[in-house]
Every structure is written in C-alpha cells, then in structure tokens.
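Q: Below: one structure in structure tokens.
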Amino acid sequence: MANIDDYVARTEGTCGKEKDIIVIFKYEKKDEVIKKILQKAHLKKSIANVIFELTFKEFSFRLYGSGKAIFRSLKDKEELNSILSALLS
Amino acid sequence: MLDVYKIREDFPILKRKINGYPLIYFDNAATSQKPKQVVEALRDFYENHNANVHRAVHTLSQEASELYEDAHKEVANFINAKSMEEIVFLRGTTEAINLVAYSLGLHNLNSDDEILVSLMEHHSNIVPWEILSKFRGFKIKYVGLDNDGTLNFDSFQEMFSKKTKIVCVSHVSNVTGVVNDIKKIAKIAHEHGASVVVDGAQSVPHLPVNVESLDVDFLAFSGHKMLSPTGIGVLYGKHEILEKMTPFQGGGEMIKEVSISPTAHRCSVTWNDLPWKFEAGTPNVGGSVGLMEAVKYLKHVGMENVKAHEEMLTKRAMQCLSECEKVKIYGPRNVSAKCGIIPFGVEGLSSHDVALYLDNYGIMIRSGFHCAQPLHEMLKLDSSARASFYIYNTPEEISRFAEILKEIE
Chain S
1493 MANIDDYVAR TEGTCGKEKD IIVIFKYEKK DEVIKKILQK AHLKKSIANV
1543 IFELTFKEFS FRLYGSGKAI FRSLKDKEEL NSILSALLS
Chain C
3 MLDVYKIRED FPILKRKING YPLIYFDNAA TSQKPKQVVE ALRDFYENHN
53 ANVHRAVHTL SQEASELYED AHKEVANFIN AKSMEEIVFL RGTTEAINLV
103 AYSLGLHNLN SDDEILVSLM EHHSNIVPWE ILSKFRGFKI KYVGLDNDGT
153 LNFDSFQEMF SKKTKIVCVS HVSNVTGVVN DIKKIAKIAH EHGASVVVDG
203 AQSVPHLPVN VESLDVDFLA FSGHKMLSPT GIGVLYGKHE ILEKMTPFQG
253 GGEMIKEVSI SPTAHRCSVT WNDLPWKFEA GTPNVGGSVG LMEAVKYLKH
303 VGMENVKAHE EMLTKRAMQC LSECEKVKIY GPRNVSAKCG IIPFGVEGLS
353 SHDVALYLDN YGIMIRSGFH CAQPLHEMLK LDSSARASFY IYNTPEEISR
403 FAEILKEIE
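Protein sequences appear in the order of chains S and C. Sequential numbering from 1493 applies to the first sequence in our numbering. Sequential numbering from 3 applies to the second sequence in our numbering.
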C-alpha cells in the first residue's frame, strides 16, 4: 500500500449541505497522482477534459486536472485514507 | 472612472500564474488583495516605528501612538463619523458585532425584549445574538426575504412591536450582493425606538458610506476586505451610545484606574475614554497602519469610482454568464440593486466542482454556504458558487471567466 503522506498535501471538508472531502495532492506529484488514479479507477465521464468523474470499488469521486479531488459520502477519514492508499499504490 | 490597468500595477500578486494561467482573483468578498503601498506602510512601521502605544514616554511609543490615533482619524473621516472617539479598532467585523452584542445586549436586553435579524445575514450577525439570547432570554425574530433574496419590507415592518430593541442587518449581502436601504431601515427602527446594528463588511470596501446620512447606531467592517492586512477591523458607534456602554473585554489600555482595597476585597475600576474603553490589551498597531494606508488608497481612487467600476464589471458578468447555457445566476438580476457579487450554479455540478474547475484555469472563486446557511436554505440551495469583484478586476477577466464556463458541456 502507498504512503499517502507522500502524495497528499492536505484535506479539507467542504462547506455546504454536501459534506464532502476535498483532497489536495502535492503539486509536484499531481501528474503522477492523476496517472495512477486514472489507471485504477473506472472513468464514468470527463467534463471539458478537466473534471474526471470516477468510481473505485463502491465509491464515486471527482478528480480535477489541477491535482485535487472531491470524495463524496464517506464514513470518515479512515475510509478516505484506505481508498487513497489503494488508489495510489 | 478609475484606471484599472494602472491600479493593477500596485498589486504584485496579480502577476502570479496558477497552473500556468494568469491569476484571476474573483474571491474579493472573502478577502481582498493588498497594494504595495499597504505592504510598504507595514514594513516601514515595523522597521522604523514599532512600539507599544500609549502611556510609554519614549520616542518610539509616541510615534506608534500618533500613527495609531491617525489611523482612527482617517477611518472616521472615511465614513464621515463625527470623531475618532466613535471608531473602535478590533480584529474584524465578527469581533465588532460580538462587542455590540455583549456590551449593549448583555446589559440591556431582557426576556421581554425582541430583536430583529434578517435572514440574509452572515453567521457573524446571527450567532452572537443566538448565544446571547440563551443568557438573557430575549426573542430573536428573523425577517423574511423575497424569492430573489431581497429583504421583504412588509415582513420587516410587520415584525416591529413595542418590544423591539435592536435591528441587525447587512448593508450588502455577502451572498447575493443585494444592497439594503439602510437609511430607510434605520428610520423605521428609530421610529420604534430600536437601535440599528449594520454589518458593513461588504459595503464599506465597495460603496461610499456615510454614517451620518445613514443614521445607523453601529456599523461593523473588516480591514482585510478593503486592501488592508487581516486582523484589523472597525466598529463605528454613535458617541452617545458608546459612552453609555460597558466594555466588552477587560484588561490593559481600556482602564484609567484600577484600585483594590485588600481588606474589603473590593476593586474599583474607571474606564478609559472612548474609543480606548473598548480596545483592551495591546492593539494591532501594525494592522491599523496598514488600514490607514488602505483607506488613503481607496480615497485616492474615489469610492464613487470604485462603485462605478464594480457596477460595470457586474453588468458585464451578468450578461456573459447569462449566455452560458448551463449557468444559473441566483439572486436579483437588477445590477443597480446590488454590489459586485454574483452567486451562481452550473447544471450537473456542485459549487465545489465549479470552483475546482475554475481553479484549474487560475480563476479563484468561492464555493459553499459563504457563512450564510440560512440564506441558502431560504433560496433552497445546497450551496453556491460565488464570483466577487474589486477595483483591480478587468472586463477581460470577466470575458475569460465566462469563456471557461462555456467550455463545460
């Protein structure tokens, strides 16, 4: 499994009714992260070639060309870490 | 009209590129960028004049005290307050409203009383009153809005009673940019014997504001939204009201005398004069110097010019965004009734999706509730994307912003 601290700069809870988590990947690693995630996850849709709507196992999330991602409906941070670890390994 | 291209030269940050694209900063309702004149004033203060203010006899302290007092005078002049005694420096709008809530409300509101709070308020003009009502038992009546987020005046007037003591309202909504008719609101409130507490965080940086003409009792605003550093804000209060109020916080600077009788276990305290009575502890002297320079900068540009420039940008943005098939603009469409703030949504995307999409192209906007969840609930929105403009934004940036949004298919 990957050490997610090598890839993740910070995580942020979103403000709004949707209680999602935004993951900001380290800028210098963003290309590597995008490549890894696009290889592992299933691409449902690409919007303007910047927003990638993806699924991985039973989870759906969106990845952005700037190296950020929004994960929806997660139980907690542990669940997020486990998905990230699997996606980035 | 202001020369936006000349103004931009004063803001080094605008030369930055984000993800390889020129920075377009449209998150001005959250905080503004700082001109080099403000940064230079801060540097000069800390390199040449830094000391604690008041009471020390040495030269540096006298210089720092003079600068600190000059900053109060500059702000008083900017909003047409009668004197610097009506200008209290605090951390920002939130602390200023908390001061009014605790200093005025804690001592004057009882279980028989009511206050009116509009539903368009930022949380900072709701939560302090909610906390205080738990202590004092007074009732908070929330003033409804029309479907486009403008204040419903009929509802507002109907809510007044003999029990109404305070009216809390934003001058400009931080979500919709709606400009409230504060003069009219103050007149109605005063006819009912109520005080008016105005959140001016989104108006003072963008419009000419004259407290005498508006006849408000309190006006709170933040420096950081008007080119100044963070951590410095202002509470304007009418002299006669501030004079009667008990301090919010106790400590150094805000007292004239503290005398303890150890045998009787009694302490007597004499408050300092206005405005120092409300400025407990060592103040943010550096921040006040930055704020003074920011005010000078805005005065030089001219607040009528600031208003006209933002109106032009808003009109253009409303036009460009209305041409984007998937974009829906929230709030009123009438540009003359609002400031340079546009809340919007994009079909099929959350507000955070929109903000992250634009971020990819170096365009900074806000997404979420913008600390105004009740307003979003009233408008039946889960959240909103928000673009907000200032003196350094250009029509070309607006066009670019709309072009990028149009690329969403």
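Glycine residues also receive a C-beta, built at the ideal position from the N, C-alpha and C atoms.
Can you find a CB in chain C that lies within less than 8 Å of the CB of ILE1539(S)?
A: It does: the Cβ of ILE1539(S) has a partner Cβ on chain C nearer than 8 Å.
Q: Residues in the segment 327 to 359 of chain C with C-beta within 9 Å of chain S's C-beta atoms, listed in sequence order?
A: Within the segment 327 to 359 of chain C, the residues whose Cβ lies closer than 9 Å to some Cβ of chain S are GLY350, LEU351, SER352, SER353, HIS354, ASP355, LEU358 and TYR359, listed in chain order.
Q: Let me know the secondary structure DSSP gives TYR332(C) once reduced to three states.
A: TYR332(C) falls in the coil class under three-state DSSP.
Q: Using DSSP with H/G/I as helix, E/B as strand and the rest coil, what is ILE410(C)?
A: DSSP places ILE410(C) in coil when its eight states are reduced to three.
Q: Reducing DSSP to helix, strand and coil, say where TYR1(C) ends up.
A: What is shown of chain C runs 3 to 411, which leaves residue 1(C) out entirely.
Q: Would you grab the beta carbon distance between GLY239(C) and ASP219(C) for me? Rounded to a whole angstrom, and I think it's under 8 Å.
A: About 7 Å; that satisfies the 8 Å criterion.
Q: Please name the residue in GLN39(C), ASP29(C), LYS17(C) and SER67(C) whose C-alpha comes closest to that of TRP278(C).
A: Of the listed residues, the one whose Cα sits closest to TRP278(C) is SER67(C).
Q: For GLU255(C), does the three-state DSSP call read helix, strand or coil?
A: Of the three classes helix, strand and coil, the one that applies to GLU255(C) here is coil, per DSSP.
Q: Check each candidate in TYR392(C), LYS408(C) and SER386(C) and name the one with the smallest Cα separation from THR1506(S).
A: Measuring from the Cα of THR1506(S), the nearest candidate turns out to be SER386(C).
Q: On the DSSP letters alone, give me the boundaries of the beta strand (DSSP E) that TRP273(C) sits inside.
A: It spans 268 to 273 - the beta strand (DSSP E) in which TRP273(C) sits, taken as one unbroken run.
Q: Using the three-state DSSP reduction, which class does GLU116(C) fall into: helix, strand or coil?
A: DSSP places GLU116(C) in strand when its eight states are reduced to three.
Q: Measuring CB to CB, does MET86(C) end up less than 8 Å from ALA78(C)?
A: Taking 8 Å as the Cβ cut-off, MET86(C) and ALA78(C) qualify as a contacting pair.
Q: Could you tell me the alpha carbon to alpha carbon distance between THR316(C) and LEU1555(S), rounded to whole angstroms?
A: Their backbone Cα atoms lie some 31 Å apart in a straight line.
Q: Mind pulling the alpha helix (DSSP H) runs of 4 or more residues that sit fully within the segment 274 to 348 of chain C?
A: Taking only runs of at least 4 residues, the alpha helix (DSSP H) segments lying wholly in the segment 274 to 348 of chain C are 287 to 303 and 305 to 324.
Q: With a threshold of 8 Å between beta-carbons, can ASP1523(S) be considered close to chain C, or not?
A: With 8 Å as the cut-off, ASP1523(S) does not count as an interface residue toward chain C.
Q: With a threshold of 7 Å on Cβ separation, who are the neighbours of VAL291(C) within its own chain once the five nearest residues in sequence on each side are excluded?
A: Here the set comprises ALA43, LEU44, PHE47, LEU69 and ALA73.
Q: Counting only the same chain and skipping the five closest in sequence on each side, list residues whose C-beta sits under 7 Å from that of SER353(C).
A: If we look at SER353(C) and ignore the five residues flanking it on each side, its Cβ neighbours are GLY347, SER369, GLY370, SER385, SER386 and ALA387.
Q: What in chain C is Cβ-close to THR1506(S), meaning under 9 Å?
A: Those within 9 Å of THR1506(S) in chain C are SER352, SER353, HIS354, SER369, GLY370 and SER385.
Q: Using 8 Å as the limit for Cβ to Cβ distance, is LYS1509(S) near chain C?
A: By this cut-off, LYS1509(S) is an interface position.
Q: When we look at the beta-carbon of MET294(C) and count the other beta-carbons within 10 Å, is it buried (16 or more) or exposed?
A: MET294(C) is buried by the Cβ-count criterion.
Q: What's the C-alpha gap between ALA31(C) and LEU300(C)?
A: Taking the straight line from one Cα to the other gives about 16 Å.
Q: Relative to the C-alpha of THR232(C), which residue among GLY289(C), ILE243(C), ASP156(C) and GLY304(C) is closest?
A: Of the listed residues, the one whose Cα sits closest to THR232(C) is GLY289(C).
Q: Which chain S residues sit within Cβ distance under 8 Å of GLU325(C)?
A: Correct list: empty, because the minimum Cβ distance to chain S is about 17 Å.
Q: List, in chain order, every chain S residue whose beta-carbon is nearer than 7 Å to that of ILE410(C).
A: Chain S residues near ILE410(C): ILE1539 and ALA1540.
Q: Does the beta carbon of SER1558(S) come closer than 8 Å to any beta carbon on chain C?
A: Answer yes: the Cβ-Cβ gap between SER1558(S) and chain C drops below 8 Å somewhere.
Q: In chain order, what residues of the segment 15 to 38 of chain C put their CB closer than 7 Å to some CB of chain S?
A: Result list: ASN21.
Q: Identify whether TYR7(C) lies in helix, strand or coil by the three-state DSSP scheme.
A: TYR7(C) falls in the helix class under three-state DSSP.
Q: Under three-state DSSP, which class holds GLU1503(S)?
A: In the sequence as displayed, the identity of residue 1503(S) is Thr instead of Glu. THR1503(S) falls in the strand class under three-state DSSP.
Q: Only counting runs of 4 or more residues, tell me where the alpha helix (DSSP H) segments fall wholly within the segment 161 to 232 of chain C, in order along the chain.
A: Whole alpha helix (DSSP H) segments, 4+ residues: 184 to 193 and 213 to 216.
Q: Would ARG1554(S) count as contacting chain C if we go by Cβ distances under 8 Å?
A: Answer yes: the Cβ-Cβ gap between ARG1554(S) and chain C drops below 8 Å somewhere.
Q: With 16 as the cutoff for other CB atoms within 10 Å, does SER113(C) come out buried or exposed?
A: The residue is exposed, with fewer than 16 neighbouring Cβ atoms inside 10 Å.
Q: Could you give the uninterrupted runs of the alpha helix (DSSP H) lying entirely in the segment 47 to 124 of chain C, keeping only those of 4 residues or more?
A: Fully enclosed alpha helix (DSSP H) runs of 4 or longer: 61 to 80 and 95 to 102.
Q: How is the beta strand (DSSP E) around TYR238(C) delimited, first residue to last?
A: Per DSSP, TYR238(C) belongs to the beta strand (DSSP E) from 235 to 239.
Q: Below 8 Å on C-beta distance, what does ASP219(C) contact in chain S?
A: Within 8 Å Cβ-Cβ: nothing; ASP219(C) doesn't reach chain S, min ~32 Å.
Q: Skipping 5 residues on each side, what residues in its chain have a beta carbon closer than 8 Å to that of GLN204(C)?
A: Excluding sequence neighbours, GLN204(C) sits near ALA31, SER172, HIS173, VAL174, SER175, ASN176, GLY179, LYS227, CYS341 and ILE343.
Q: Could you tell me which chain S residues have their CB closer than 7 Å to the CB of ASN362(C), listed as they occur along the chain?
A: Correct list: VAL1542, TYR1556, GLY1557 and SER1558.
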